[in-house]
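Which chain is which? The protein sequence lines are A and B, in order.
In this text, residue positions in the first sequence follow the numbering used here: the first is 15, and each later residue adds one.
In this text, residue positions in the second sequence follow the numbering used here: the first is 933, and each later residue adds one.
Ideal placement from N, C-alpha and C gives every residue a C-beta, glycine not left out.
Treat the numbers as computed from the prediction; the structure is a model and nothing was measured.
Taking it in order: structure first as structure tokens, then the write-up.
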Amino acid sequence: MDATEIGLWGVPLAILGGAIRVSTPFIFVSLGEAITERSGRINLGLEGTLVFGAMTAYGVAVMTNSPWLGLLAAALAGLCFGLFHGWICKFRGVNDIAIGIALMLFGSGLAFFFGKPFIKPKAPNLPAISFGGWSDIPQVQAALDVNVLFLIGAVLSVILWWAFRNTRAGLIVRVVGDSSDAARAMGLNPDTVRLLATGVGGALAGIGGAYLSLYYPGSWTERISSGQGLMAVALVIFARWNPLGCFAAALLFGGAGALGPALQSVGVTQGYYLFYAAPYILTLIIMIATSSPTRSLAGAPGELSITK
Amino acid sequence: MSERKAVGVETIGMTMRFGGFTALDAVSVKVPAGSFHALLGENGAGKSTLVKCMMGFYHPTSGDMLVDGREVKIASPKDASALGLGMVYQHFTLVPSLTGAENLVISREKVPGIIDWRKERGDLGVFMERMPFKLPLDVKVAELAAGEKQKLEIIKQLYLGRSFLVLDEPTSVLTPGEAQEVLGLVRDMTKAGDLTVLMISHKFHEVTAFADDVSVLRKGKLTGTGRVADLDHKAMAAMMIGDQPIAALDSRAAPKPDAEIVLKVKSLKAPDRTGLKSIRIEDLGVRSGEIVGIAGISGNGQKEFLEVLAGQRPRDAGEVLVRGSAYAATRAEARALHVRLIPEEPLKNACAPKMTVAENISFRTFDIDGNGRPISWISAGAIRAFSARLVEQFKVKTASLSSPIASLSGGNVQRAVLARELTGEVDLLIVSNPCFGLDFSAVAEIRARIMKARNAGAAVLLMSEDLDELLELSDRIFVMSDGALVYETPIAQASVQTIGEHMAGHH
């Protein structure tokens, strides 16, 4: 890429493009986690689900030559992981965080095991829609090549935000997440609701994984996720369990993630590696800035084990 | 929603056994349609068991239920609601983060998949016009005052079409004014024949003021029933507690207005639980030999204030002085200045539940010898001897000294904590809700102990949500509202009316 033509303007442009590109898995994982946490449970295993989803999507896409079938397979795999987590957690004395960590390792390990044969072959990619046709500058065109999953994620976050207020399912998830007792008094079974919410959350995380292997970076490697699933969990807390907030926070994280490559592309040769750490540092800063030793988090679902 | 019509409910020989324990022994209670019936009894007398059997939460071992004279089988809470029976719990069952309207709609039997809020709001508006309560339905329940929540709970039951309501101690979280209002409105509905009410209570004055009939339970048996008009408080108390001895309160030693000020709090500022507001105590002094009561509805900063005094919550500004020296609630300071603390829910806040009774009783003293010098070898024998003496003295009922303290009943846990805190020299005693959830005799005894400590010269700061308790014990009463002390009155001029208004923040 020749960045000298537009000079330093390349940096914000690359950040914008990067934000859209990098944020998509964050959007799906955090929306999934938002649903799960709103129902009163934490699924830390989404990192494992993400990796396994990436492997499944890639593998199925290679074998069937259809990225959409790969996406579907990843969602189904994620659903299974989520349901497994939800099913184990209904037993007395089971800690959702510990199970989440176990499933995170299990999911990654399983993905590495099954994914070995897929490291070499090339899978078809998911399509993108170009919004940059009005411009002649290739960087602008590149930045505005928007993947369909990003658009779906954006629409999904609005739908979820609306659904939490305006649908029976949304209200039931909020009731269960805020007070198990109230839910039981209404004749709802909190375990069932949480099982389904964790399942849906897992499916969304699987889709996030499919994006990683089928669009950006667009190939299957064992280091494909590098903790994005975990960061997405932190992001949900930062977004105060609000789907629109999740979308905005995902963009912010995506932008931070694109900082390093953007600097590199304009010819910064020293120290740009430090900027690769930007999302992680941002996570730390946000967690420190938004927490307090004396006050509980506003908007936190009442049944969440970390806020109880 | 069809026209509501009150139903009558009757239990016949209701018996409930849990293993070998008989919680309910052939109890027959008749609540005619459109009446306001009170169910009196101490904790553990079987009131909750009875209503849970009626509402289908428990399956009674034997006994029958009649609704409007017809025998019915109630196998689950669903069956009960189908018959129009509903219950308002002591603890709120509303979902805090949902608005009132959301709470009402989602609790309905049939909720459409997509909720048309415009239509629902319209329907709710029509419904609320027929209700005696006026309430904001677009506010999150968490932001409602306790009285409003209680009204919303009742409205929810009516919205669901219930015409027989069980109210489980409905006024325990309300100010006197709110209690009057809520019960008055409910009573009007029973008089109009729209509603039948069975109210669980242990407050005689409420029963006298609002109920038509009363039934009294003791140890699972029905010990009396009758028209409220024919019974006085004494008769009801006799049915409720039988002939157990009740500890008498020491007569109050005359207060000395010039006694030393033991606890002094000056311009204290600390964040509250949400971190959004803060509590501010401008100036509070507690003299030796007096009980200063702090009244207030729960959640107005009393808990935070106690936590600051107990050293559990950092303060932003201000001073806490005990006998003139700064007090930060370290173990050394508490020991040197003879400060003792009895927080609310003692099992949770003042005990290590799985450690033994003996160990819990010696928390203050296990690491010092008779002369107050630290010791390097802890003697299990000394701990046992010390706690055996206290268990005896404070009549703590425990299977053995080495039972975990969590296995004791609430009253005995509180006795054990009192034993620990009131033994030795006490200059300052800080107490919070000491009698919450305890039975009659334990309450009387614990209040007597606190009064005894006062008469012996301790300065006592008593925070309580029970106004009757404050009026009985205090020499002065402060009202805490919205994080500040807003009102002070000596006991001689205290009026429930005025205190209630300040508690509700109407001044």
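- Flagged as an interface residue toward chain A: B/E1034, by a C-beta distance shorter than 7 angstroms.
- The C-alpha of A/R106 is placed about 52 angstroms away from the C-alpha of B/I1193.
- For a Cβ distance threshold of 9 angstroms, residue set A177, N180, T181 and R182 of chain A lies close to B/I1046, ordered along the chain.
- For the 7 angstroms CB-CB criterion, B/V1289 and B/T1330 form a contact.
- Between the C-alpha atoms of A/C103 and A/A75 there is a straight-line separation of about 32 angstroms.
- B/R1381 is classed as buried because its beta carbon has at least 16 other beta carbons within 10 Å across all chains shown.
- Distance from the CA of B/A1258 to the CA of B/L1269, rounded to the nearest whole angstrom, comes to 10 angstroms.
- Under the three-state reduction of DSSP output, B/Y1259 falls in the coil class, being neither helix nor strand.
- The segment 1318-1373 of chain B contains, as complete alpha helix (DSSP H) runs of 4+ residues, the segments 1342-1354 (chain order).
- Excluding its 5 nearest sequence neighbours in each direction, B/I1307 has C-beta neighbours in its own chain below 7 angstroms: D1299, I1300 and D1301, listed in chain order.
- For B/E1214, the uninterrupted beta strand (DSSP E) segment begins and ends at S1210 to R1219.
- Going by beta carbons, B/P1246 and B/K1286 fall outside the 7 angstroms limit.
- Under the three-state reduction of DSSP, B/T993 is assigned to coil, being neither helix nor strand.
- Restricting attention to A/L45, A/G24, A/L58 and A/V190, the CA atom closest to the CA of A/L202 is found in A/V190.
- Pairing B/S1294 with B/I1315 gives a Cβ-Cβ distance under 7 angstroms.
- Under the criterion of beta carbons closer than 8 angstroms, B/G1217 and B/L1195 qualify as touching, at roughly 7 angstroms.
- A direct Cα-Cα distance of roughly 15 angstroms separates A/G92 from A/I41.
- Bridge pairing for B/R1150: B/K1153 [DSSP].
- By the beta-carbon neighbour count (other beta carbons within 10 angstroms, threshold 16), B/W1309 is exposed.
- B/V961 places its beta carbon 7 angstroms or farther from that of B/T981.
- In terms of Cβ geometry, A/L228 and A/G84 form a close pair [threshold 7 angstroms].
- Sorting B/K1201, B/M1171, B/R1205 and B/A1141 by C-alpha distance to the C-alpha of B/T1155 places B/M1171 at the top.
- Here DSSP, grouped into helix, strand and coil, assigns B/R949 to strand.
- For A/N161, the enclosing beta strand (DSSP E) covers residues D159 to N161.
- Taking 7 angstroms as the CB threshold, A/A199 lines the interface with chain B.
- Cβ neighbours of A/Y225 within its own chain (closer than 6 angstroms, five residues either side excluded): T38, P39 and L163.
- Selection B/L972, B/F968, B/R1263 and B/S1210 evaluated against B/G1243 yields B/R1263 as nearest (Cα-Cα).
- Under the Cβ criterion of 7 angstroms, B/I1132 is not counted among the residues facing chain A.
- Taking A/G184 as reference, the option from A/L60, A/G73 and A/S53 with the minimal CA-CA separation is A/S53.
- Looking at the DSSP output, B/P1306 shares a beta bridge with B/I1300.
- In the same chain as A/A168, and ignoring 5 residues on each side of it, the C-beta atoms closer than 7 angstroms to its own belong to F261, in chain order.
- Rounded to the nearest whole angstrom, the CA to CA distance from B/D1414 to B/E1420 is 15 angstroms.
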